[in-house]
Amino acid sequence: MIYKMTRRAALAGVASIAMIAAGATSALAEGWKPQKPIEMVIMAGQGGGADRLARLFQSIIQKEGLASMPILPVNKGGGSGAEALRYLKDNEGDAHKIMATLNSYFTTPLRTDIGVDIEEFTPIARMAVDTFVLWVNADSDIQTLDDYVAAVKAAGGSWKMGGTGTGQEDSLLTAMLEKEFGIEVTYVPFDGGGDVAKNLVGGHIDSTVNNPSEQMGFWKAGKSRPIAAFTTERIEAFPDVPTARELGHDIVYTMQRSFVAPKGMPAEAVAYYTEMFRQLSETEEWKKYTADEALDPDFLSGDALQAYFLEEREKHAAILADMEADSSS
Amino acid sequence: MLVADRVIAIAIMALSAYFMWHATALPIGWNGMTGGPGGGAFPFWLSLLMLLSAAGVLVRSLTQAPSSQHFFDSHMLRNVIMVVLSLFVTIALIPVVGAYVALPLFLFWYLRIYGGHGWVLTGILTFATPVFVFFFFEVTLKILLPKGVTEPLFFPLYAMFF
Amino acid sequence: MDTLALLADGFATSLSPLNIMIVLLGVTAGLFIGAMPGLGSVNGVAIVLPLTFIVPPSSAIILLCAIYYGAMYGGAISSILLGIPGASTAVATTFDGRPMAQQGKAGLALIAAAVASFVGGTISVLLFTLFAVPLADLALAFGPAEEFALVLLAFTTFVGLGGDDKLKTIIMICLGLVLSTVGLDLISGQPRLIFGDLPGFYAGISFLVLAIGVYGIGEILYTIETSRTAPQVTPAKISLRDLGDGIRTMNRMWRTMSLGSFLGFFVGMLPAAGATPAALMAYGIARSTSKNPKSFGKGNIEGVAAPETANNAASTGSLLPMLTLGIPGSPTTALLLGGMVMWGLMPGPMLFIEQPDFVWGLISSLYTANFAAVAINIALIPLFVWALRMPFTVLCALVIVLCIVGGFAPSQKMHDVWLIAGFGVAGYLLRKADYPLAPLVLALVLGPLMEKSFRQTLISEQGNILAFVERPLSGTFIAIAVLFFVLPLVKYLRKGGARSIAPAE
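Chains as they are written, first to last, in this note's numbering: chain A, 1 to 329; chain B, 330 to 491; chain C, 492 to 996.
Here is the structure:
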């Protein structure tokens, strides 16, 4: 950082002023502190699930005073997050940029060649793991996973499965379902999870694999019905919904909600942000939110997080390869 | 006027062809199995329609009698080109020297040199506009503008206002 | 009666001194944010979202709604004064608002916009109060096929805007539609038309970039060339008497305004449709049912009133699916939804039952926000009109700076600023060659929705194109759309098909 500053200052020819500025701030600081507002890049557009979560983090950080500078969310959702990934790559060494990720962090670089290797980025913290549940309209006769499979088979390929777009998390899960049960569905992409949920309740599609948070409102109002959860254990909010695994179908799929930073971020800055998110994960607001929305608040950071990322990337590469093989056969 | 009309029509035809070429990266046909048009179909066929319409404009202009009206007013055209150039230079400067140098430079050029306004008015606006922009966009709305090499100068300001 | 009692309780909340102050503050902030080209209600709401933790949730949502309302009012200001729509919802307002400003009637146009916004807002809040819960089911009945039919309808109410060259209009519509496909193909998830892998195009071309380019920069270049030394607008004046005149003029427009309000509310209520098609349809209908359709686009005050009532009514309408179903109809309502979730309120069918205090507090604050917005707006009109009396070179320099900064702000990419400059020059040349620009901008706004809903329908119906007419709701819309398309044609033929370029309606 200091190297960078002097280089920039020399370039500008305003070395003296910059030195004063740097001196003033570093004298105040114990350890590393951000010198300017922190940019929080969001890999999705405004208003989606990822965006809402990132803004929740921003609010809690601000309310609890966890950072000395404001956090500024910036949406770079273009190309399923390709835009955000490229942006992070282009800002190597920047200590004031962090990125909120979702699973497109793995899938986007795997599906299209955008010249980004996520292994180079600096892991900060995993805040939560989101779960997936199979939903049908409450008016349908389907009560169990077996009913569901029978109904899809009877429809002969015209069964409409809503989702948020080819290559998105739910489309991967849909592909896994098709493979496991030997069924075929028509996958209809929508703009976001909320749009999908509405089309399910309105009867325009037959089923979805929404996150619980996206269906919570309709479920409470008795308009949609969970059939099975794709988690290792039953979800606390839905104690009566069996997991696919306990029904003998080993399908587990989760969505991580994490933060990463550009390659080469100074170690002190990484420590600062990791500590900030660790504190955040212990706040009351966050605990209440994860309970309400059936999120699993499983905090992870450092090397363990990087190992998790690489393992997930392998998993996604395998799923994508399966999907390719299916569509070309 | 007719010449300009033809040049623009040809330019649009070229642009359409360029779009069509890019659109073919994705399937452009009708696929009954996946239900309906492929990803490239909309841009491809619409570009084709655009190309044909522009060709229509071109053909029509060939049959029209030339009019005496000029497309550009040669005197005012110089002004337009000057403004466009200054705009481009300003935008190019923003990532390098920062918005807070590039925008005042533009204002100074536009007001004092191009517009011929007095020093007082020029001075006030050149100074007041960036200050307003800083307080409205950065302090109030928390939208940071590019600073380029002037970034370190803003650290004390950030420390003061955030 | 039940509703009234609940509403009275709501007013008790929203009329507390703290909440009144919050409404005034929010509306004023929203007004200025909305008046900036490039910034709209989304920015306003996004920025104050984290601040709302310091006040109780009911006050926080009131603050957010006040900003939302203020920004909707403010959007008309830059449309009228500068001819640059600050948000897509205000495009239609430029068609007649801008010519009025050029004729020195900026004050009257601003009054018309404020009064129309107030009427639209009030009627829709009344509809909201009375029918919120039953109407939620109607929103659910809207699937992709219905969305497509609705967009088609919005388009046809607009065909052949003004007396423009047909071929050139087609070119501009196609260009707008093609530009709208830039970015990511939702259906296949593949990038398309990114022009040699420029990452800036991954996110597509935003409406704001095109509008600021052609209407902001393009307009300035055009004015520089054509105005020579003459000022670009007739100096506008405004006095108290003008205010009275304005309100009296508006009083003659109840038909247009109530039509705009109902249309706005119902179209705005549908998720995915929203305020932009509503405003366009209101404008189109006002023009085609007018006794003097040719005066539209040349500074007809009804052309300001119709879209302004509709877009404000729609902004209230779009709160309905957000509150009753938990489905946001626009990015702004999505952020409002996010805010509510943060405070532990779960929007959706249960909200009205579980949190009646909150819901009715919110509804009643819509009434107060509406009053505050119209009062503050009218009070500030002299200030806005005064801004127009600046010497042209000064105004011009400031508008260019505003276009650069305002173009950068939403996406924070220099890529977009370059695009604005490019579109500015292209728009200037096209305009000189008599290419109409409004269809270009409209096509870019409506294009993504149109393609997406078209393809979604075909996928779910296994490629059966008749699905659009078989479904009763979408079939009806398509029938009306066809009617709109055919009627002017019939009129045109009966006139004996004038050989020259006839003005289409």
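Beta carbons are placed, not taken as given, at the ideal position from N, Cα and C, and that holds for glycine.
(1) Could you pull the start and end residues of the alpha helix (DSSP H) that LYS287/A belongs to?
(2) Under three-state DSSP, which class holds LYS97/A?
(3) Exposed or buried, which one is ARG880/C when buried takes at least 16 other CB atoms within 10 Å?
(4) Out of PRO424/B, THR451/B and THR458/B, point me to the one whose CA is closest to PHE437/B's CA.
(5) Thinking just about the alpha-carbon of each residue, which of PHE968/C, TYR926/C and THR884/C is nearest to the one in GLY445/B?
(6) Which bits of chain A does TYR487/B rub up against, with CB to CB less than 8 Å?
(7) According to DSSP, what are the bridge partners of PRO939/C?
(8) Should PRO475/B be labelled buried (16 or more other beta-carbon atoms within 10 Å of its own) or exposed?
(9) Kindly indicate which residue of PRO459/B, ALA354/B and LEU416/B has the alpha-carbon position closest to the one of ILE708/C.
(10) Would you mind reading off the limits of the beta strand (DSSP E) that contains VAL129/A?
(11) Leaving out five residues on either side along the sequence, give the residues of the same chain with a beta carbon under 6 Å from the beta carbon of THR859/C.
(12) What does LEU494/B reach in chain A if we use C-beta pairs closer than 9 Å?
(13) Do you know offhand how far PRO372/B's Cα is from GLY182/A's?
(14) Run through DSSP, which three-state label would PRO485/B get?
(15) Counting only beta-carbon separations shorter than 8 Å, does ILE357/B have a partner in chain C?
(16) If you draw a straight line from the C-alpha of ALA914/C to the C-alpha of LEU701/C, how long is it?
(17) Rounded to the nearest angstrom, how far is the Cβ of LEU1035/C from that of ASN861/C, given a contact under 8 Å?
(18) Whole angstroms is fine: what's the gap from GLY954/C's alpha carbon to LYS923/C's?
(19) Within the continuous alpha helix (DSSP H) that includes TRP909/C, where are the two ends?
(20) Step through the CB atoms of chain C and report whether any lies within less than 8 Å of the CB of VAL386/B.
(21) Which residues in the same chain as ARG86/A place their Cβ atom closer than 8 Å to its Cβ, once the five residues preceding and following it in sequence are excluded?
(22) Are the CB atoms of GLY918/C and GLY529/C within a distance shorter than 8 Å?
(23) Quick one: is GLN393/B buried, meaning 16 or more other Cβ sit within 10 Å of its Cβ, or exposed?
(24) Looking at the unbroken alpha helix (DSSP H) that takes in GLY517/C, where does it start and where does it end?
(25) Among residues of its own chain, excluding the 5 on either side of GLN723/C, which ones have a beta-carbon nearer than 7 Å to its beta-carbon?
(26) Is DSSP giving LEU28/A helix, strand or coil here?
(27) Note down the Cα distance separating ALA995/C from ILE602/C, rounded to an integer number of angstroms.
(28) Just reading off the alpha helix (DSSP H) that PHE883/C is part of, what are its end residues?
(29) By the DSSP assignment, the beta strand (DSSP E) with PHE622/C in it spans what residues?
(30) Suppose only complete runs of 3+ residues qualify. What are the beta strand (DSSP E) ranges in the stretch 44-83 of chain A, listed by chain order?
(31) Note down, in chain order, every chain A residue with its Cβ under 9 Å from the Cβ of LEU826/C.
(32) Going by beta carbon distance, what residues of the same chain come within less than 6 Å of PRO123/A, once the five residues before and after it are set aside?
(33) With a Cβ-Cβ cutoff of 8 Å, do LEU377/B and MET342/B count as a contact?
(34) Please list, in chain order, all residues of the same chain as SER281/A whose beta carbon is under 7 Å from its beta carbon, the five residues on each side excluded.
(35) Name the chain B residues whose beta carbon is nearer than 8 Å to that of TRP909/C?
(36) Taking CB distances under 8 Å as the criterion, tell me whether SER390/B reaches chain C.
Reading it off the structure:
(1) Taking the first sequence and counting its residues from 1, one reaches residue 287/A at position 287. That run of the alpha helix (DSSP H) goes 284-292.
(2) Counted from its first residue, the first sequence places residue 97/A at position 97. If DSSP states are grouped into helix, strand and coil, LYS97/A belongs with the strands.
(3) Your numbering for residue 880/C matches position 389 in the third sequence. Exposed, because fewer than 16 other Cβ atoms sit within 10 Å of the Cβ of ARG880/C.
(4) On the second sequence, position 108 is the one that residue 437/B refers to. Selected option, being the one with the closest Cα: THR451/B.
(5) Here residue 445/B refers to the residue found at position 116 when the second sequence is read from its first residue. For the residues PHE968/C, TYR926/C and THR884/C, the minimum Cα distance to GLY445/B belongs to THR884/C.
(6) Translated into positions along the second sequence, residue 487/B becomes position 158. Going along chain A in sequence order, the residues near TYR487/B (Cβ under 8 Å) are GLN35, LYS36, PRO37 and MET69.
(7) Translated into the one-based positions of the third sequence, residue 939/C becomes position 448. Note: PRO939/C sits in no beta bridge, so no partner.
(8) Against the second sequence, residue 475/B aligns to sequence position 146. When all chains shown are included, PRO475/B counts as buried.
(9) Looking up residue 708/C in the third sequence gives position 217. Of the candidates PRO459/B, ALA354/B and LEU416/B, the one whose C-alpha sits nearest the C-alpha of ILE708/C is LEU416/B.
(10) Within the first sequence, numbered from 1, the residue matching residue 129/A stands at position 129. 122-130 is the span of the beta strand (DSSP E), which, as asked, contains VAL129/A.
(11) Stepping through the third sequence from its first residue, residue 859/C is reached at position 368. The residues are SER505 and VAL514.
(12) Coverage of chain B is limited to positions 330 through 491, which leaves residue 494/B absent and any answer about it impossible.
(13) What you label residue 372/B is simply residue 43 of the second sequence in a count that begins at 1. What you label residue 182/A is simply residue 182 of the first sequence in a count that begins at 1. Whole-angstrom Cα-Cα distance: 36 Å.
(14) Indexing the second sequence from 1 puts residue 485/B at position 156. In this structure, PRO485/B counts as helix in the three-state DSSP scheme.
(15) Along the second sequence, one-based indexing puts residue 357/B at 28. Chain C, which has no Cβ nearer than 8 Å to the Cβ of ILE357/B, makes this no.
(16) What you label residue 914/C is simply residue 423 of the third sequence in a count that begins at 1. What you label residue 701/C is simply residue 210 of the third sequence in a count that begins at 1. For clarity, residue 914/C is Phe in the given sequence; the question names Ala instead. Their backbone Cα atoms lie some 6 Å apart in a straight line.
(17) Given a span of 492 to 996 for chain C in the structure shown, any question on residue 1035/C remains unanswerable.
(18) As a first step, residue 954/C must be located in the third sequence, where it is residue number 463. As a first step, residue 923/C must be located in the third sequence, where it is residue number 432. Spanning the two alpha carbons is a distance of roughly 43 Å.
(19) The residue given as residue 909/C occupies position 418 in the third sequence. Note, TRP909/C: alpha helix (DSSP H), 905-923.
(20) Taking the first residue of the second sequence as position 1, residue 386/B is located at position 57. VAL386/B counts as touching chain C.
(21) What you label residue 86/A is simply residue 86 of the first sequence in a count that begins at 1. So the qualifying residues of the chain are ILE114, GLY115 and VAL116.
(22) Counting from one through the third sequence, the residue named residue 529/C turns up at place 38. Counting from one through the third sequence, the residue named residue 918/C turns up at place 427. Against a cut-off of 8 Å, the Cβ pair of GLY918/C and GLY529/C comes out as no contact.
(23) Sequence index remark: in the second sequence, residue 393/B carries index 64 (1-based). Flag for GLN393/B reads exposed.
(24) Mapped onto the third sequence, residue 517/C falls at position 26. Start and end: 508-526.
(25) Within the third sequence, the letter at position 232 stands for residue 723/C. Low local confidence applies: a pLDDT of 49 at GLN723/C is under 50, so the model's placement there is unreliable, with the coordinate-based value given in what follows. Within the same chain, GLN723/C has close Cβ partners THR714 and PHE883.
(26) As a working mapping, residue 28/A is identified with position 28 in the first sequence. For LEU28/A, the pLDDT reaches just 39, beneath the cut-off of 50, and the residue's location in the model is therefore unreliable, although a value from the coordinates is still provided. Three-state result, LEU28/A: helix.
(27) Sequence index remark: in the third sequence, residue 995/C carries index 504 (1-based). Sequence index remark: in the third sequence, residue 602/C carries index 111 (1-based). Because ALA995/C carries a pLDDT of 40, less than 50, the predicted location of this residue cannot be relied on, and the following value inherits that uncertainty. Taking the straight line from one Cα to the other gives about 29 Å.
(28) The residue you call residue 883/C lines up with position 392 of the third sequence. From DSSP, the alpha helix (DSSP H) with PHE883/C extends over 883-899.
(29) To locate residue 622/C, count along the third sequence from 1; it is residue 131. Careful: PHE622/C lies outside any beta strand (DSSP E), inside the alpha helix (DSSP H) at 597-631.
(30) 71-75
(31) Walking along the third sequence from the start, residue 826/C turns up at place 335. Correct list: GLN46, GLY47, ASP51, ARG52 and ARG55.
(32) Start at 1 with the first residue of the first sequence, and residue 123/A comes out as number 123. Taken in chain order, the residues that qualify are VAL260, LEU305 and GLN306.
(33) For this step, residue 377/B is matched to residue 48 along the second sequence. For this step, residue 342/B is matched to residue 13 along the second sequence. Result no, Cβ atoms of LEU377/B and MET342/B do not sit closer than 8 Å.
(34) Here the question's residue 281/A lines up with position 281 in the first sequence. Cβ within range, chain order: MET127, PRO297 and PHE299.
(35) Reading the third sequence from its first residue, position 418 is the one you call residue 909/C. The contacting residues are ILE420.
(36) As a working mapping, residue 390/B is identified with position 61 in the second sequence. No, SER390/B does not count as interfacial toward chain C.
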